[in-house]
Amino acid sequence: MSVGVSTSAPVSPTSGTSMSMPAFSLVDYVVFVLLLVLSLAIGLYHACRGWGRHTVGELLMANRKMGCLPVALSLLATFQSAVAILGVPSEIYRFGTQYWFLGCCYFLGLLIPAHIFIPVFYRLHLTSAYEYLELRFNKTVRVCGTVTFIFQMVSRMRDKNVASMLTVTGFDLWLSVLALGIVCTIYTALGGLKAVIWTDVFQTVVMFLGQLAVITVGSAKVGGLGRVWAVASQHGRISGFELNPDPFVRHTFWTLAIGGVFMMLSLYGVNQAQVQRYLSSRTEKAAMLSCYAVFPFQQVSLCVGSLIGLVMFTYYQEYPMSIQQAQAAPDQFVLYFVMDILKGLPGLPGLFIACLFSGSLSTISSAFNSLATVTMEDLIRPWFPEFSEARAIMLSRGLAFGYGLLCLGMAYISSQMGPVLQAAISIFGMVGGPLLGLFCLGMFFPCANPPGAIVGLLSGLVMAFWIGIGSIVTSMGSSMPPSSTNGSNFSLPINLTVATATTLMPLTTVSKPTGLRRFYSLSYLWYSAHNSTTVIVVGLIVSLLTGRMRGRSLNPATIYPVLPKLLALLPLSWQKRLHCRSYGQDHLVDTGVFPEKPRNGVLGDSRDKEPMALDDTAYQGSSSTCILQETSL
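To convert, note that position 392 of the sequence shown is 392 in this note's numbering; the numbers rise steadily by one, no gaps.
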């Protein structure tokens with residue numbers, strides 16, 4: 001059942017002659033270079049400030065003294081990549097505003113991390129999110145989670161949108177890639193997380209200014225926003241609620257609102273790049289507020305991207321595309337549009353390209369910093385705990401430089417690859433769902449044990465690769481492109497932002513696939529939900545078959561007390577009848593026997609417990625033990 005106007009894809013208008021694209025002016029190049037210089041200056045300022053007195057905690061966690069607003073803007077910048085800046089307007093231009101309903105998932109997608117994941121992680125005083133896996137399960141599970149995350153992040157460091165920008169604007173390919181990589185590597189390696197966060201703040205402002213310039217000039221050229229809305233409505237680009245529950249339909253209200261929640265949880269709940277920012281906050285409350293603050297910014301960002309798409313649609317109804325533009329890849333539509341409307345306005349085309357490069361810088365710097373952190377905390381320090389502070393700082397910076405060089409290498413390899421190999425590498429970006437499932441398995445199911453966690457994670461990864469490879473093989477073996485109504489496109493999502501998979505969807509509609517081919521056409525927004533559920537179900541089955549947690553110690557601080565939280569919502573008289581408080585008191589757990597996170601990255605005895613981990617005695621009290629009794633079967 002659908003409500004509203006159908007949103008079939010438009011046929012790109014063409015004119016009879018090709019149009020030469022306007023070249024960048026000197027002012028445009030100055031604006032672009034200014035972005036790189038200021039980003040580098042911010043990073044070097046934080047690197048030089050207190051040079052020689054830096055600690056590993058300052059480099060990796062900004063001394064846990066960051067405020068709510070900069071953390072929130074940094075969280076947004078990590079999400080708002082160049083892919084999203086180009087992809088959202090292109091999606092709206094081609095398919096209408098159905099995609100805007102993705103905003104419905106933002107509330108739950110941020111509320112759940114704020115009240116579940118952040119309290120658990122923050123009270124354990126973690127540096128790497130994967131330290132939680134050792135506290136909850138064992139070191140093997142921690143290493144498996146870390147390696148999976150590294151594969152995920154390395155796969156997303158090859159940004160094909162830089163190449164598409166250069167095709168349109170005339171920028172030199174390798175000069176731009178080298179400038180981007182070198183600037184990002186320097187300020188990330190030297191300045192650490194604090195430099196990354198503050199450059200993210202600056203780059204977020206640049207992103208919004210670039211997008212607003214496009215909306216302002218574009219709407220003025222087509223007669224105002226009122227005319228934009230009227231033309232979009234007349235041509236069926238304003239979508240209503242598409243209530244079709246079919247998960248194989250690419251975009252419906254349920255797919256966007258529910259499937260999108262799992263995608264958001266994999267990003268904002270358990271991804272190290274985001275968790276690291278939460279844990280850098282001054283207090284747990286500040287971390288939760290930063291998560292809340294992302295919500296309005298994301299809604300504004302989504303509306304701005306959607307508005308650019310509608311303005312672009314209205315513009316090309318009046319001024320048809322050239323043959324060159326009409327034959328371009330969909331992710332280049334926005335770039336051609338920007339060059340069309342901003343020509344003759346020196347500096348504004350450069351501002352928008354700076355906006356796109358800001359998205360790339362924020363995403364790549366977050367990847368460098370989080371990769372250096374997990375490599376240091378999860379793969380090096382546990383095995384070499386005797387490292388001095390000075391040596392650890394040098395190694396952390398060396399890791400960031402190393403990942404920067406790897407990024408440049410990935411960019412070169414990607415440019416030399418055919419589309420098949422590019423798509424194969426992008427499959428690694430689908431592992432966010434299995435990682436989400438692994439954390440949920442540990443946090444919500446006290447009966448889950450290490451064998452169940454490992455087998456569950458492997459099952460989720462196999463499922464992710466199966467769907468990804470099946471989608472590629474199916475699209476290659478078909479003589480016609482897949483239907484525009486499913487999410488099985490050739491270029492799979494590589495950074496789990498939904499815009500990644502929206503920019504290259506074909507427009508041809510064919511008959512619905514059947515059998516396994518239909519399974520491979522599952523909407524990309526359900527990937528995280530499907531793969532995380534696989535991890536949880538398989539993990540629980542294996543845990544039950546291998547004796548649950550018998551003979552193993554379970555730290556109650558690693559469990560989120562689901563049942564007591566739900567019972568607390570009931571009237572007091574009902575709570576007394578259920579005897580939940582006395583019910584848990586018979587199964588008190590001695591928290592003194594559990595390891596906690598000490599200063600040098602290795603788990604130790606509770607006698608070395610950090611002060612922050614002691615602030616939550618109530619959390620580890622009767623409510624946690626009630627959960628243990630509930631699930632002990």
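From the three backbone atoms N, C-alpha and C, an ideal C-beta is built for every residue, glycine too.
Does any heavy atom of the ligand SAM sit closer than 8 Å to the C-beta of residue i?
i    : result
R237 : Ligands in the displayed structure: none, and consequently the ligand SAM is not present.
Would you kindly report the start and end of the unbroken alpha helix (DSSP H) that includes residue i?
i    : result
S155 : K139 to S155
H46  : L26 to C48
F121 : I118 to R123
V431 : No alpha helix (DSSP H) holds V431; DSSP gives it neither H nor E.
P89  : A82 to F95
M549 : Premise fails: M549 is in no alpha helix (DSSP H) and is neither H nor E.
E131 : E131 to R136
W349 : Before going on, a small fix: residue 349 reads as Pro here, not Trp. Note, P349: alpha helix (DSSP H), L348 to V374.
S322 : Premise fails: S322 is in no alpha helix (DSSP H) and is neither H nor E.
G522 : According to the sequence displayed, residue 522 carries Leu and not Gly. First-last for L522: undefined, no H or E at that position.
Y99  : Run containing Y99: none; DSSP gives neither H nor E here.
Report the three-state DSSP secondary structure of residue i (helix, strand or coil).
i    : result
C68  : helix
S280 : coil
G4   : Reliability of the predicted coordinates at G4 is poor, the pLDDT of 36 falling under 50, and the value obtained from them is presented with this limitation in mind. It is coil, neither helix nor strand.
S396 : helix
C105 : helix
H251 : coil
Q299 : helix
F445 : coil
E386 : coil
K565 : helix
V201 : helix
N63  : helix
P571 : coil
V473 : helix
V311 : helix
R227 : helix
S219 : helix
G344 : coil
S128 : coil
I559 : coil
A328 : coil
R577 : helix
V455 : helix
V183 : helix
N531 : helix
G269 : coil
T54  : The identity of residue 54 in the sequence shown is His, whereas the question assumes Thr. DSSP places H54 in coil when its eight states are reduced to three.
G260 : helix
H235 : coil
R381 : coil
Taking the Cβ atom as the reference point for each residue, do residue i and residue j lie within a distance shorter than 9 Å?
i    : j    : result
I393 : T199 : no
G67  : R397 : no
Q203 : L361 : yes
F445 : S532 : no
L351 : Q152 : no
Y520 : E284 : no
G442 : A464 : no
T146 : V374 : yes
N63  : T188 : no
V214 : I92  : no
F149 : Y130 : yes
M315 : V222 : Contrary to the premise, residue 315 reads as Tyr rather than Met in this sequence. Yes; because the gap between Cβ atoms is below 9 Å, this pair is in contact.
C635 : M264 : No statement about residue 635 is possible, as the shown extent of the chain runs from 1 to 633 and does not include it.
V275 : L60  : no
V196 : S366 : yes
H530 : I467 : yes
L36  : F357 : yes
Y278 : L110 : no
I238 : G96  : yes
Q80  : H251 : no
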